[in-house]
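Worksheet: the structure to be examined is printed underneath.
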C-alpha cells in the first residue's frame, strides 16, 4: 500500500510506518547537524564533538578539555643553536684577527665579521615564535596544537572557539 503513494503523501500520512520513517529521517538530519566541522586541514579536524590531530592517535573530546589557553613560546631551538654558533664565530674572529700580522688574515677576519653579522641578521628577522594551544585534559595539561605559523594558529583557535560554543549550545538545548 505504501509503495503506491507518492513521497509527499507518504511522509505526511499518519501511519506507524511513516511515523518511524519521519523519526529516522529526523535522526539522520540531527546527526548530520552535530557533525559540523569548524576547521579542517591536513593536520587536524575540529568538529562540534572533538579536536582530532590526524597524524597522532590523540583525540580530544571537547567535553573533556578545560582551561584552554594560548602559550607564545620562544623561537625554535634551531634558531638558538645558529645564534650561538654565529656568536662563537664572531668572538673567534675578533679574538684571533689581531694576532695575525698578514693582510690576508685581516681580510679573513673582516669577511668572518661581515658574514656572521649578515647571516645573523637574516636569522634574527626570520625567526618566528612558536604558538601553542594548551588545555587541561582529564587532569593533565597537554599541548593540543603547536605551530610557528601565526595565521594558521589564529584559524585553528577561532575554529576551536566556535566548536566549543556550538558544543555548549547543543548540550544546553538537550538539557
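Numbering (the UniProt record's numbering), first residue to last: 1 to 175. A virtual CB, placed ideally from N, CA and C, is assigned to each residue, including glycine. Values in this document were obtained by computation on a predicted structure and should not be read as measured data.
Separation of residue 135 and residue 84 (C-alpha to C-alpha, rounded to the nearest whole angstrom) is 33 Å. For residue 133, no alpha helix (DSSP H) segment is defined; the enclosing uninterrupted segment is the beta strand (DSSP E) at 129 to 137. DSSP, reduced to helix, strand and coil, places residue 147 within a strand of the structure shown.
By the neighbour-count criterion, in which 16 or more other beta carbons inside 10 Å mark a residue as buried, residue 110 falls on the exposed side.
The Cβ neighbour count for residue 54, taken over all protein chains shown within 10 Å, is under 16; the residue is labelled exposed.
DSSP places residue 84 within a helical segment (H, G or I) once states are collapsed to three.
The beta-bridge partner set that DSSP reports for residue 46 consists of 39, 51.
Straight-line spacing of the CA atoms in residue 37 and residue 129 works out to 28 Å. Here residue 156 is buried. Its C-beta has 16 or more other C-beta atoms within 10 Å. The beta-carbon distance between residue 131 and residue 40, rounded to whole angstroms, is 19 Å. This is too long to meet the 8 Å contact definition.
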